[in-house]
């Protein structure tokens, strides 16, 4: 109600933020003086998986990430350190950041396994990776990865989402789908193959689309048969009845979407219903490895109990990218590379499971002429320390976390083969030459897919988001062919 005792001056004073700002905005608009941030869309955005133009010609069209949760011990696998072995059992003079202080020591622990040179490139690898040794001329081994943090989740989120430890960020695969669209309309463009033993550390955060629409999140295949439930309709609904039901459902959904524009979960659900119908034939064929040759089964180790499960998933990954899937990521149960104890038995065990199938994937892609356009990644979120994590007896000893320097490898997709890049110090503790961060890794991946990491922008809550989150990053040109 209007108060007659309020003066004109009092009224204007109280309402200045309302009337004054409206008037100012009107005047600025009249004079065309309103500022507009770069790249801000003038119309409400639309999200889909239609193919989109790249910023420059791409080298890669698809990617398979073999993510090794837990932190593979680089000084025992990929990064030989003669000085570490020489001073085994002596006191380390450098500073160490421990995750488990109550079991910490500064006693250096040299590797228990032999290293040898392999291939024409002469890359040295541990005897625990005999199959990877056969593909050294096809991979680029980066020995200078660095997250600067020792924790699992903090580094996993850094690799996948661009900022250490922060949830709610979009996975790098979601960025690829957002920037490029999908090569297939019959299968999900981003597929996740989990371990029968359970989800990896950090669970579903590993394939979340974060602040992006749910359309861009990973589609998880069941780790056991049937890998997709309810792929077949009940007999009485097959054929025309199913088509009529789907058409009716689509009309209802579209009408609802028009009433509530911008509801990304609803739009993703509509797209998933439409995709599900197309998948009934395509997915069944893509996931059926029974028609692969005996030689292919042997290549992936599917006839061996130790490698059957991981080999099957690696083979499915190849079949998926062969059929237009943009990004496939394989995960392991928990974090089997997290060898705080019993390193002598735990490390050989996980190597036996993963080494042969991982190498087989690269061999198979190469012999099919696909490696040029499919980028393969192998690596974890951190490495291990050069000192002993003491468990009370030598056979129980292990290694603690180390995000200061560790290894991973890339193959295909325009990556230079048969080379090593970067280096850690003489004990394998810290990256000291050509340090590569997860942001550098992300910028390089986008570049190989034809995308400029500084130009691929997603608008969220008034902010222009980048995969690298505005953090220092560079394309690692030295490893590009």
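Residue numbers (the working numbering): 6 to 486. By construction, the Cβ of each residue, glycine as well, lies at the ideal position given by its N, Cα and C atoms.
As DSSP reads the structure, residue 195 sits in a beta bridge with 332. Each residue's CA atom was taken as its position, placing residue 124 and residue 424 some 11 Å apart.
It is roughly 31 Å from the alpha-carbon of residue 149 to the alpha-carbon of residue 225. Using a Cβ distance threshold of 7 Å, residue 439 and residue 455 do not count as a contacting pair. Here residue 217 has 175, 179, 183 and 463 as same chain residues with Cβ atoms under 7 Å from its own Cβ, once five neighbours each way along the sequence are excluded.
Judged by DSSP secondary structure, residue 301 falls within the alpha helix (DSSP H) whose first and last residues are 299-305. A buried status is given to residue 341, since no fewer than 16 other beta-carbon atoms sit within 10 Å of its beta-carbon. Between the alpha carbons of residue 55 and residue 405 lies a gap of roughly 45 Å. Remark: C-beta atoms of residue 311 and residue 357 approach each other more closely than 7 Å. Shown here for residue 291: same chain residues with a beta carbon closer than 7 Å to its own, the five before and five after excluded, namely 192, 324, 325 and 328 in chain order. Non-local beta-carbon contacts of residue 215 in its own chain, meaning distances under 6 Å to residues more than five positions away in sequence, involve 173, 174 and 175 in chain order. Residue pairing by DSSP places residue 200 opposite 203 in a beta bridge. When the beta-carbon positions are compared, residue 197 and residue 409 stay at least 7 Å from each other. If you check the CB distance, residue 187 and residue 331 come in under 7 Å. Pairwise C-beta distances place the region 113-127 out of contact with the region 152-171, as fewer than three of them are shorter than 8 Å. Of the residues assessed, residue 138 falls on the buried side of the cut-off, its CB having 16 or more other CB atoms within 10 angstroms. Sequence-distant partners of residue 351 (beyond 5 residues in either direction) whose C-beta falls short of 7 Å from its own C-beta, in its chain, are 344. Taking 7 Å as the cut-off, the Cβ atoms of residue 181 and residue 414 do not count as close.
A direct Cα-to-Cα measurement between residue 204 and residue 286 gives close to 28 Å. Less than 7 Å separates the beta-carbon of residue 388 from that of residue 411.
Annotation for residue 160: no beta strand (DSSP E) segment contains it, though the alpha helix (DSSP H) segment containing it runs 157-166.
Residue pairing of residue 413 in beta bridges, as defined by DSSP: 147 and 384. Excluding five sequence positions before and after residue 304, the CB atoms of its chain that fall closer than 8 Å to its own CB belong to 365, 368 and 369, given in chain order. A straight line joining the alpha-carbon of residue 121 with that of residue 132 spans about 7 Å.
Collapsing the DSSP output to three states places residue 253 in a helix. Taking a C-beta distance under 7 Å as the contact criterion, residue 417 and residue 379 qualify as a contact pair. The C-alpha of residue 446 lies about 45 Å from the C-alpha of residue 253.
Looking at the DSSP output, residue 68 sits in a beta bridge with 332 and 380. Under a 10 Å Cβ-count criterion, residue 382 is classified as buried, with 16 or more other Cβ atoms of the shown protein chains found around its own Cβ. With contacts defined as CB atoms closer than 7 Å, residue 337 and residue 74 qualify as a contacting pair. With respect to the C-alpha of residue 85, the residue from 116, 57 and 339 having the closest C-alpha is 116. It is roughly 21 Å from the alpha-carbon of residue 227 to the alpha-carbon of residue 355.
Annotation: the continuous alpha helix (DSSP H) that includes residue 368 extends over 348-372. Remark: C-beta atoms of residue 160 and residue 386 approach each other more closely than 7 Å.
Judged by beta-carbon spacing, residue 453 lies within the 7 Å limit of residue 65, meaning their Cβ atoms are closer than that value. If you check the CB distance, residue 421 and residue 486 come in under 7 Å.
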